[in-house]
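For reference, the structure discussed in these notes is given below.
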Amino acid sequence: MSEKKYFKQTKPFRVPTTDGKLIEEHFGNASTHTNTFSVAHMVAPPHWGEPHQTPEFDEITIVTKGKKEIEIDGEKVEVNAGESILIKAGARIRYTNPYDHETEYWSICIPAFDFNAVHREES
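With UniProt numbering applied, the sequence shown corresponds to residues 1 to 123, in that order.
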């Protein structure tokens, strides 16, 4: 019998956070030990934000509910539900939800998200 050519994720890895943001990694370093890409479902609470960072990976964000503000090399870009954005490795970015409602989105990183390669700045 041959090995299955698929993997159905039924228990994504819930990343521990202290800022109220939900992060569920379906595929990636933490969940499936995949380092070529990662896929995570996220929900950012109202008025959430994180420090600036300069990741070594490309990141695609697909917003499914609400809207998200991303500062990219000093330019503020709003991404609404039904829209997506690709941010290339090496850009200085800051993700925020400055709005009064939560934001739900999916993130795909290529290669996979790695905390040691995100280069977060001190707040």
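Backbone N, C-alpha and C fix where the C-beta goes; we use that ideal spot for every residue, glycine too.
Check                                                                                                              : Outcome
By DSSP's criteria, His-119 is part of a beta bridge. Which residues make up the other side?                       : Bridge partners of His-119: none, in fact.
Give the single residue among Asn-97, Thr-32 and Ala-117 whose Cα lies nearest to the Cα of Gly-49.                : Asn-97
Sort Gly-74, Tyr-95, Gly-66 and Val-43 by Cα distance to Arg-120 and report the nearest one.                       : Tyr-95
Specify the secondary structure class of Ala-94 as computed by DSSP and reduced to three states.                   : Per the sequence shown, residue 94 should be read as Arg rather than Ala. It is a strand residue.
By how many angstroms is the C-alpha of Pro-111 removed from the C-alpha of Ala-89?                                : 10 Å
Helix or strand or just coil, what does DSSP make of Glu-29?                                                       : The question names Glu, but residue 29 is Asn in the sequence shown. Here Asn-29 sits in coil by DSSP.
Starting from Ala-40, follow the beta strand (DSSP E) in both directions and report where the run begins and ends. : 38-44
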